[in-house]
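When you read off a place in the sequence shown, starting at 1, and then add 41, the result is the number in the numbering used here. Down below is the structure, laid out as structure tokens.
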Amino acid sequence: MTHRTDHPDFLFRLTLLGTGTIRSQDGRTCASILLESSETAVLIDCGTGSWLRLHEIKKDLNSIDHIFLTHFHPDHIADLVSILFSRYHASAPSPHPVKIYGAPGIAQLYKRLSEAFGMWMSDTMFQIKELNNPPLHISDFQVTWLPLHHAPESVGYRVEKLHKVITISGDSGYCPELIELSRGANIAILECSFPDDLPDEHHLTPSEAGQIAQQAGVKKLILSHFYPEVLRENILLKTSRYFSGEIQLAQDGDSILL
Ligand SMILES: [Zn+2]
Ligand SMILES: [Zn+2]
């Protein structure tokens, strides 16, 4: 709407703003991904640190047209207030309200935030959009979603344009819905929270992420959302036992073109 990338020779540019969790680690902030097309800029989650990461890459907050939330845990939404407050104080505020999407419950989330922050969370600067009937047409691409096994409101997103597909898990346990969501994806960004010997039904291990990517026929798997324990094991080795495609271990600031 208000933003155009400088390079028209790709469909999407992904910037991995935050690849860690709420357990503080050198060089890793909480979950957030910036997805840009030639027409628009979308933030997927905005966990603690994303406000700063956006500044570091010189991304004007007012050029973000849409924010998609995977679920409402603090490590995925805590900078929402900072980002909205910052837009409010911009020297040249955007004439377009940012649209904020989330599963049913997002209106209640907004109500609670507005009770806490009052006029600083005035909805004149943004619109709350409850996810209901997919697909959603966002500028020049479409977004669909599926509920995932993590929190009651958890969804994963699937972004498609000209037969190119990017999927983003947010947090998820091992579940058939995540395989379905990721089916045939050019790029699947899956969480990889815990090592194989510390499994958790609400998160993925390297081996589980590899199995999901392989069953879904993913071309490139990007692993993210690392707790410190999983980074102490050989993630590539564990994942590649199950997944034969390309694997990337995400770092804050990584940029990927599709
Ligand atoms: Zn979570
Ligand atoms: Zn999380």
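Cβ coordinates follow ideal geometry from the N, Cα and C atoms, glycine included. Bear in mind that the values here come from a model prediction, so they are computed numbers and not experimental data.
Extent of the continuous alpha helix (DSSP H) run through residue i
{"i": "S210", "result": "No alpha helix (DSSP H) contains S210, which DSSP labels as neither H nor E."}
{"i": "Q252", "result": "247 to 257"}
{"i": "R94", "result": "91 to 97"}
{"i": "V271", "result": "Per DSSP, V271 belongs to no alpha helix (DSSP H) and is neither H nor E."}
{"i": "R128", "result": "121 to 129"}
{"i": "I220", "result": "217 to 222"}
{"i": "I147", "result": "147 to 158"}
First and last residue of the uninterrupted beta strand (DSSP E) at residue i
{"i": "D116", "result": "Premise fails: D116 lies in the alpha helix (DSSP H), 115 to 118, not in any beta strand (DSSP E)."}
{"i": "F167", "result": "167 to 171"}
{"i": "Y34", "result": "As shown, the chain starts at 42 and ends at 299. That puts residue 34 outside it, with no answer to give."}
{"i": "S265", "result": "261 to 265"}
{"i": "I85", "result": "82 to 87"}
Spatial distance of residue i from residue j (CA atoms)
{"i": "E270", "j": "D237", "result": "10 Å"}
{"i": "Y268", "j": "L262", "result": "18 Å"}
{"i": "R54", "j": "D295", "result": "10 Å"}
{"i": "W186", "j": "L110", "result": "11 Å"}
{"i": "I147", "j": "E171", "result": "6 Å"}
{"i": "S135", "j": "C87", "result": "19 Å"}
{"i": "T56", "j": "I297", "result": "7 Å"}
{"i": "K149", "j": "A291", "result": "Note on residue identity: the sequence assigns Gln, not Lys, to residue 149. Looking at the two C-alpha atoms, the distance is approximately 32 Å."}
{"i": "D181", "j": "K202", "result": "7 Å"}
{"i": "G159", "j": "I118", "result": "18 Å"}
{"i": "K205", "j": "D50", "result": "14 Å"}
Close Cβ partners of residue i (< 6 Å) along its chain, the five nearest in sequence each way excluded
{"i": "E274", "result": "P236"}
{"i": "A257", "result": "I220, S223, R224"}
{"i": "K279", "result": "D237, P247, S248"}
{"i": "A90", "result": "Looking at the sequence itself, residue 90 is Gly, so the reference to Ala does not match. G59, T70, C71."}
{"i": "K260", "result": "N227, G286"}
Anticipated Cβ contact below 8 Å, residue i with residue j, distance rounded
{"i": "G197", "j": "I207", "result": "Contact doesn't hold; Cβ gap of about 11 Å is too wide."}
{"i": "L154", "j": "V122", "result": "6 Å"}
{"i": "L264", "j": "I288", "result": "7 Å"}
{"i": "V83", "j": "I179", "result": "7 Å"}
Residue i Cβ short of 7 Å to ligand 3 heavy atom set
{"i": "D86", "result": "The model depicted lacks ligand 3 and carries ligand 1 and ligand 2 instead."}
Cβ shell of residue i (< 7 Å), same chain only, five flanking positions each side left out
{"i": "S213", "result": "L189, H190, H191, S195, G197, L219, E232, L245"}
Proximal residues to residue i (C-beta, below 8 Å), its chain only, five neighbours per side dropped
{"i": "V139", "result": "I105, D106, H107, I108, L125, R128, M166, F167, Q168"}
Subject >> Contact the segment 92 to 99 vs the segment 68 to 83: 3+ CB pairs below 8 Å >> reply: yes
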